[in-house]
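In my numbering, the protein residues as written are 82 to 313. A virtual CB, placed ideally from N, CA and C, is assigned to each residue, including glycine.
#1: How would you label residue 279, buried or exposed, when you count the other beta carbons within 10 angstroms and need 16 or more for buried?
#2: Considering Cα atoms alone, identify which of 226, 211 and 162 is closest to residue 90.
#3: Mind checking residue 218: buried by the 16 CB within 10 Å criterion, or exposed?
#4: So what's residue 64 in DSSP terms, helix, strand or just coil?
#5: Just to check my reading of the structure: residue 281 and residue 297 have Cβ atoms closer than 8 Å, yes? What is that Cβ distance to the nearest angstrom?
#6: Look at the Cβ atom of residue 160, then the Cβ atom of residue 144, and state whether they are nearer than 8 Å.
#7: For the segment 195–202 against the segment 176–186, are there 3 or more C-beta pairs whose distance is under 8 Å?
#8: When you compare each of 265, 150, 148 and 137 to residue 163 by their alpha carbons, which one comes out closest?
#9: Which residue marks the beginning of the alpha helix (DSSP H) containing residue 265, and which one marks its end?
#10: For residue 180, which residues from the same chain have a beta carbon less than 7 Å from its beta carbon, with the 5 sequence-adjacent residues on both sides left out?
#11: Assuming residue 114 contacts residue 142 under a Cβ cut-off of 8 Å, what Cβ separation, rounded to an integer in Å, is found between them?
#12: Check whether the Cβ of residue 204 lies closer than 8 Å to any Cβ atom in chain D.
#13: Start and end of the alpha helix (DSSP H) containing residue 135?
#14: Taking contact to mean 3 or more Cβ pairs, one atom from each stretch, closer than 8 Å, check whether the segment 122–133 and the segment 255–271 are in contact.
#15: Can you look up residue 288 in the DSSP assignment and give me helix, strand or coil?
#16: Could you give the uninterrupted runs of the alpha helix (DSSP H) lying entirely in the segment 183–227, keeping only those of 4 residues or more?
#17: To the nearest angstrom, how far is it from the Cα of residue 171 to the Cα of residue 197?
#18: Taking C-beta to C-beta, are residue 112 and residue 267 nearer than 8 Å?
#19: Could you check where the alpha helix (DSSP H) with residue 89 kicks off and where it finishes?
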């Protein structure tokens, strides 16, 4: 590895360590959900290694727990992770024209919200080895945390497992509160989604929870984007 490449890789590791620590804590609670879906620690490790996305994985585990078909699992994961397509487009503009498709592909593979943030914050053209450095610590942190969460769910008493599973909902609340406080439109969308989810659970009881989530997500997000488009 060239000296310059090693420099970018080390910088990525340095910036990725705090992300890895946060991932470990969050994915531990995600492992509780994976355990309820019937996954083993090894299953959870591989799943998180290949799909490093909290909302996407949780949605997948939710429909897996409901014994949903594979197509439904694929659709809900695609919808929950759709924002990464836009992030990849933005990051691709930071590469030099000489950057190969292989590098672009692997950087896009693990372009999470947090890694996207530290990537965009860098000035100048992007060196893919910076992302590889961040990924080298972030991915293991997320995967190991998920596996340990499943393991803990198998050995801990059921009442403790139930208490730990609540922490995951706390994570999602922590995600939506800051933007909802600063933007009334997001607050309104969140409130509408809560209300419609409650109504759908009562009037669409014959439809699986995963299918209801897919329909409501596409419907609410599409209406919000149409009526309240972003200027930039």
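If we stick to the structure as given:
#1: Sequence index remark: in the chain shown, residue 279 carries index 198 (1-based). Counting the other CB atoms within 10 Å of its CB gives residue 279 a total below 16, which places it among the exposed residues.
#2: Here residue 90 refers to the residue found at position 9 of the chain shown. Checked all of 226, 211 and 162; the closest Cα to residue 90 is 211.
#3: Taking the chain shown and counting its residues from 1, one reaches residue 218 at position 137. So residue 218 ends up on the buried side.
#4: This structure leaves residue 64 out entirely; the chain is present only between 82 and 313.
#5: As a position in the chain shown, residue 281 is number 200, starting the count at 1. As a position in the chain shown, residue 297 is number 216, starting the count at 1. About 6 Å separates the two Cβ atoms, so the contact holds.
#6: As a working mapping, residue 160 is identified with position 79 in the chain shown. As a working mapping, residue 144 is identified with position 63 in the chain shown. A distance of 8 Å or more separates the beta carbons of residue 160 and residue 144.
#7: Too few Cβ pairs lie closer than 8 Å, so no.
#8: Within the chain shown, the letter at position 82 stands for residue 163. For the set 265, 150, 148 and 137, the Cα lying nearest the Cα of residue 163 is the one of 137.
#9: As a working mapping, residue 265 is identified with position 184 in the chain shown. Counting along the chain, the alpha helix (DSSP H) containing residue 265 begins and ends at 265–284.
#10: On the chain shown, position 99 is the one that residue 180 refers to. Sequence-distant Cβ neighbours of residue 180 in its own chain, meaning closer than 7 Å and more than five residues away, are 209.
#11: On the chain shown, residue 114 is found 33 positions in, with the first residue counted as 1. On the chain shown, residue 142 is found 61 positions in, with the first residue counted as 1. Right, the Cβ-Cβ distance comes to about 5 Å (below 8 Å), so this counts as a contact.
#12: Among the chains in the structure shown there is no chain D, since it carries only a single protein chain.
#13: Counting from one through the chain shown, the residue named residue 135 turns up at place 54. Boundaries of the alpha helix (DSSP H) harbouring residue 135: 135–146, taken from the DSSP string.
#14: Output reads no: the segment 255–271 does not touch the segment 122–133.
#15: Residue numbering aside, residue 288 sits at position 207 when the chain shown is read from its first letter. Coil, per DSSP.
#16: Those alpha helix (DSSP H) runs which fall completely within the segment 183–227 and span 4+ residues are 194–202.
#17: By 1-based counting over the chain shown, the position of residue 171 is 90. By 1-based counting over the chain shown, the position of residue 197 is 116. When rounded, the separation of the alpha-carbon atoms in residue 171 and residue 197 is 9 Å.
#18: Counting from 1 along the chain shown, the entry for residue 112 is found at position 31. Counting from 1 along the chain shown, the entry for residue 267 is found at position 186. The answer is no: Cβ separation not under 8 Å.
#19: Within the chain shown, numbered from 1, the residue matching residue 89 stands at position 8. For residue 89, the enclosing alpha helix (DSSP H) stretches over residues 84–117.
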